[in-house]
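Novice: Take a look at the following structure, please.
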Amino acid sequence: MRINDRLFGALFLLLAVAYGWQAQQFPEPMGGSEAIGPSTFPTLLAVVLGLGSLYMMLKPDEDEAWPVGKTLVELIGIIVILVVYTALLETVGFVIMTTLAVALLSWRMQAPPLKALMTGLVSAVVAFVIFNYGLELTLPDGILELG
Amino acid sequence: METLNYLMDGFSVALTPTNLLLALIGSFLGTLIGALPGLGPANGVAILIPLAFTLGLPPESALIMLTAVYAGAMYGGRISSILLNIPGDEPAMMTCLDGYPMAQQGKAAEALTISAVASFIGSIVATIGLIILAPVLADFALHFGAAEYFALFVLAFATLGGITGKNPVKTIVAAALGLMMSTIGIDISTGQPRYTFNTLELFEGIDFIIAIVGLFAISELLFFIEKHMGEGESMVKMNKLTISIKEVIAVLPTSLRCGVVGFIAGVLPGAGASLGSFLSYTVEKRILGSKNRFGEGDPRGVAAPEAGNNGAANGALVPMLTLGIPGSGTTAVLLAMLVSLNITPGPMMFQQHADIVWGVIAALLVGNVLLLLLNIPMIGIFVKLLSVPPKYLMPIVTLVAIVGIYSISHSPFDLYFMVAFGVLGYILRKTEIPLVPVILGLLLGPEMEKNLRHAMTLSDGDWSVLWGTPLAIGIWAVAILGLVLPYIVGPVLRKRMQRS
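As given, the protein sequences belong to chains A and B, one line each in that order.
Take 3 as the starting number for the first sequence in my numbering and just add one per residue.
Take 1324 as the starting number for the second sequence in my numbering and just add one per residue.
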C-alpha cells in the first residue's frame, strides 16, 4: 500500500497553499523601502513545501503499518493520560497527578498494578522534594496544600 | 601557541569544582541514557535541556554538562550492544557484530573494557583534531557574507538526511515544515505578527525546547507502547574481568586509526556517527586483512566501531561550533541549547565567547577522562541499572521531561503544546519524515531569514546575489550534490551496511 505518502502529500500541499496564501495578506512594511518584506521568506517556503508534497504524492514510498484495534486504543489512552495530567496539574496538585500519571503509564506498559503505583508514588514524591526544596522551583501543591 | 593559551583558559573554566561536578553528573547520566535501548543521545540531551534551565546554570556550566551528556551517550551506546545485542543508539549498531559474540563467549567484561578504552582514544584523537581544525575553519568562515550563509543553511538541510538517507525529498519537506513553524510569531524586522491567529501565547513564537521534548521524548513514549507491548524482561549476564595490559595495548593501533577515520566522517556534512563507525569497521577489516576474525568476537572488531563513532561524534562538533551548522541530530539539539542561551554559534563565537568555546572543548577532554574512569571500574552499576525494566524507567524519564518543561514557564499551555508535538512526531515518524530537520528548521529559521534579508537589501532585491561569489557557488554545488548523491550511492551503501 502506498496511501500514507499520497494522503500526507495532499495534506502538506493544502498546508503549503494556505500558508502561502496567508503570507500574501501581510501588509507592506511601512515605507516599503525594504527589499524583502515579511511575506518573502514564507512564500519561498510555501513553494518548497508545495513541490516536496507533490513529489510525495507522485512517487510515494511503501507504507508503514498504522496501529489498529487494541494498540490504537492504547495509544489514544496514553495521550488522554497526558492531556488530563496537564489539565488537572494545577488544581489537583503535582504529587497526586504525577503519581497517577506515572502509575498509569507504567501499568499500561505491563507492569503489575501495585508495583506501578509504588513507582508512581516514589518518583512523584522524590521529584517534588528535589524540585521544591532542592531547586526552589515551585510545583503546584494543589489540594494537598498545607495551612 | 595562541590556541594552547586559549585551551589553558578553557581548562581553568572546566576545572572549577562546580563545573567538574556537573561534568561528572553529565557523564554519568549520558552513559545511562546511551545505554538504554531506544533512548538515543539526541533524546537524552533533549530531555536534559529543560533540566539545565531549571537549575539556572550559567551558559558555560550548562554547556559543559550537556557536552558531557553527549560524550557519555556515545560511550553508553556500546553497553547494550555488547550485553543484549540491541544497540543503545544507531551508531552502536556495528559494535554488536563483535561485541555480542564476545559476551556469548563469556568475555563481556573484556569487551566492555576494550570498548571503553577505544571510545576514549577515538574521542581524544577527534578532540585534538577539533582543537586544530576549529580555529582555522572559524577564521576562514569570517569571510562569509550573508549570501554564503544563506547557501550554507541550505547545504545543512540538503545534507542532513545523510548519504545513506532514504528519501531526500522527505528531508526537504521536514525542513520546510520546521522553517514554517519558525515564522510563527512577530517578525523581528517589521513587527508584523505572522500566523499567530491572535493567540497571545504564539506571539513570541514556538519555543523549540517544547518542540524538541514533544517530538523526541513523547513520540518515543508512543512508539515504545506500540512496539514493546507485553514484551518480557531481558536477562543481563556479566563475568569477572580478567584482562591483561597486553590485550589493551593490542587494540591501540586499531583505536588510533579508527579515531582518525571517525573524525573525518564526523566533520563532513551528511556523514555522522553511524557512517563513522561503519567506515572504521570496514576500513580496519581491510587493513588487518587475513589476520582478522571480525564478526566472531575479535576485540579489534569491538574497538574499531567504538573509536570510530566517538571520533565522529566529536568531529561533528567542528561544523556546529565554527559555522553554527550541526551535522547530526544530537549536535542540532546542542545547538538549540546555545541559541536559547542567547549565543549565536558560528565564527563570531570564537571571538565573542572564546571562554565558552574553549571551556567546552576542555570539558570534552576532562569529560572523556571521567568517562574512562566511570566506565571501567564502575561498569557494574550501569549494567545493574540497565536491568531495571523499561516499563518503570520510561514513565519516569517522561515525567522528568514534563517537569522540566513546566518549570520553565509554569504554563499548562506549553504542556498541551508538548503533547501536540508528541503526536505530530509520531505521525511524522510513521510517514518516515525525519524529525531532526524539523527541529533544525525551527531553530535556524530566524537566522536564515535574516541572512536572506541582508543579502537582498545589499543587492537591492536582485536574487542573483545569492550565487554571486565563487564561494557561494561552491556551497550551492555541495548542497545539490548532497541531495543527488543519496539517490546514486545511497542504495549501495545501505545494502552493504545491512550485509555486514
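Ideal Cβ positions, reconstructed from N, Cα and C, are used throughout, including at glycine.
Using DSSP's beta-bridge definition, name the partner residues of B/I1684.
Specialist: Answer is none; B/I1684 lacks a bridge partner.
Novice: Please state the DSSP three-state secondary structure of B/G1501.
Specialist: Correct three-state label for B/G1501: helix.
Novice: List, in order along the chain, the chain A residues whose C-beta lies closer than 8 Å to that of B/N1490?
Specialist: Going along chain A in sequence order, the residues near B/N1490 (Cβ under 8 Å) are D63.
Novice: Using a beta-carbon distance below 8 Å, is A/D7 in contact with chain B?
Specialist: True, the Cβ-Cβ gap to chain B drops below 8 Å.
Novice: Label A/E64 either buried or exposed according to how many other C-beta atoms from any shown protein chain fall within 10 Å of its C-beta, with 16 as the threshold for buried.
Specialist: A/E64 should be labelled exposed.
Novice: Can you name the residues of chain A whose CB is closer than 9 Å to the CB of B/Q1515?
Specialist: The answer, in chain order, is F28, P29, P31, G39, P40, S41.
Novice: Between the alpha carbons of B/R1623 and B/I1405, how many angstroms are there, rounded?
Specialist: When rounded, the distance between both Cα atoms is 14 Å.
Novice: Does the stretch 1702-1717 of chain B come into contact with the stretch 1668-1684 of chain B, if we say contact requires no fewer than three beta-carbon pairs (one atom in each stretch) closer than 8 Å?
Specialist: Flag = no, the stretch 1702-1717 of chain B and the stretch 1668-1684 of chain B do not touch.
Novice: Distance check for B/S1446 and B/E1629, CA to CA, integer angstroms please.
Specialist: Approximately 10 Å, taken between the alpha carbons.
Novice: Would you give the residue range spanned by the alpha helix (DSSP H) that B/Q1675 belongs to?
Specialist: First-last of the alpha helix (DSSP H) with B/Q1675: 1670-1675.
Novice: List the residues that DSSP assigns as beta-bridge partners of B/R1517.
Specialist: DSSP lists B/G1508 as partners of B/R1517.
Novice: List the whole-angstrom C-beta distance separating A/G71 from A/G144, where the pair is believed to meet the contact cut-off of C-beta under 8 Å.
Specialist: That belief does not hold up - the Cβ atoms of A/G71 and A/G144 are roughly 36 Å apart, past 8 Å.
Novice: Can you give me, in chain order, the residues of the stretch 62-92 of chain A that have a beta carbon less than 8 Å from any beta carbon in chain B?
Specialist: Answer set for the stretch 62-92 of chain A: D63, E66, W68, P69, T73, E76, L77, I80, I81, L84, V85, Y87, T88, A89, L91, E92.
Novice: Kindly indicate the opening and closing residues of the alpha helix (DSSP H) around B/R1580.
Specialist: Note, B/R1580: alpha helix (DSSP H), 1575-1590.
Novice: For B/L1716 and A/A113, what's the separation of their Cα atoms in angstroms?
Specialist: Rounded to the nearest angstrom, the two C-alpha atoms are 11 Å apart.
Novice: Excluding five sequence neighbours on each side, which residues of the same chain lie with their C-beta closer than 6 Å to the C-beta of B/A1639?
Specialist: So the list reads G1589, G1650, S1651, T1654, once near-sequence residues are dropped.
Novice: Against B/Y1308, what residues of chain A qualify as contacts under a CB-to-CB distance less than 8 Å, listed in chain order?
Specialist: The requested residue 1308 of chain B is not part of the displayed model; chain B covers only 1324 to 1823.
Novice: Note down, in chain order, each residue of its chain lying with its Cβ closer than 6 Å to the Cβ of B/V1606, except the 5 sequence neighbours on either side.
Specialist: Excluding residues within five positions, the ones whose Cβ falls inside 6 Å are V1584.
Novice: Closer than 7 Å between beta carbons: that is the criterion. Which residues of the stretch 1745-1769 of chain B meet it against chain A?
Specialist: So the close ones are V1746, K1753, T1754, E1755.
Novice: Counting pairs of beta carbons, one from the stretch 1799-1815 of chain B and one from the stretch 1475-1482 of chain B, are three or more of them closer than 8 Å?
Specialist: Touching, yes, given that three or more Cβ pairs across the two stretches are closer than 8 Å.
Novice: What's the call for B/P1814, buried or exposed, on a 16-neighbour Cβ count within 10 Å?
Specialist: B/P1814 is exposed by the Cβ-count criterion.
Novice: Short of 9 Å Cβ to Cβ, which residues in the stretch 99-121 of chain A face chain B?
Specialist: Correct list: T100, A103, V104, A105, L106, L107, S108, W109, R110, M111, Q112, A113, K117, A118, T121.
Novice: For B/D1530, would you say it is in contact with chain A, using Cβ-to-Cβ distances shorter than 8 Å as the test?
Specialist: B/D1530 does not count as touching chain A.
Novice: Taking CB distances under 8 Å as the criterion, tell me whether B/T1482 reaches chain A.
Specialist: Answer no: the Cβ-Cβ gap between B/T1482 and chain A never drops below 8 Å.
Novice: Quick one: measure Cβ to Cβ for B/A1627 and B/S1603, integer angstroms, because I've assumed they're closer than 8 Å.
Specialist: Correct: roughly 5 Å between the Cβ atoms.
Novice: Who are the near neighbours of B/S1442 in its chain, counting only those whose CB is closer than 6 Å to its CB and skipping five residues on each side?
Specialist: Closer than 6 Å at the Cβ level, and outside the excluded window around B/S1442, lie Y1398, E1629, N1633.
Novice: Hey, is A/L15's beta-carbon within less than 8 Å of any beta-carbon in chain B?
Specialist: So no, A/L15 is outside the interface.
Novice: Which of helix, strand or coil does DSSP assign to A/E30?
Specialist: In this structure, A/E30 counts as coil in the three-state DSSP scheme.
Novice: How would you call B/S1438, buried or exposed, if buried means at least 16 neighbouring beta carbons within 10 angstroms?
Specialist: Under this definition B/S1438 is a buried residue.
Novice: By Cβ distance below 6 Å, which residues in the same chain neighbour B/F1617 in space, the five residues on each side in sequence not counted?
Specialist: Closer than 6 Å at the Cβ level, and outside the excluded window around B/F1617, lie K1608, G1624.
Novice: May I have the straight-line CA-CA distance separating B/A1464 from B/A1636, to the nearest angstrom?
Specialist: Approximately 22 Å between the Cα atoms of the pair.
Novice: Hey, does A/V50 have any beta-carbon neighbour from chain B nearer than 8 Å?
Specialist: At least one chain B Cβ lies under 8 Å of A/V50.
Novice: Got a sec? Which residues, its chain only, sit under 7 Å from B/E1527 by beta carbon, not counting five neighbours each side?
Specialist: Excluding residues within five positions, the ones whose Cβ falls inside 7 Å are G1508.
Novice: Examine the Cβ distances between the stretch 1450-1458 of chain B and the stretch 1429-1437 of chain B and report whether three or more of them are shorter than 8 Å.
Specialist: Contact between the stretch 1450-1458 of chain B and the stretch 1429-1437 of chain B is absent, because fewer than three Cβ pairs lie under 8 Å.
Novice: Identify, in the order they occur along the chain, each residue of the same chain with its Cβ nearer than 7 Å to the Cβ of B/A1534, setting aside the five sequence neighbours on each side.
Specialist: Excluding residues within five positions, the ones whose Cβ falls inside 7 Å are F1744, I1762, L1765.
Novice: Are the CB atoms of B/V1392 and B/V1368 nearer to each other than 8 Å?
Specialist: Contact flag set, yes.
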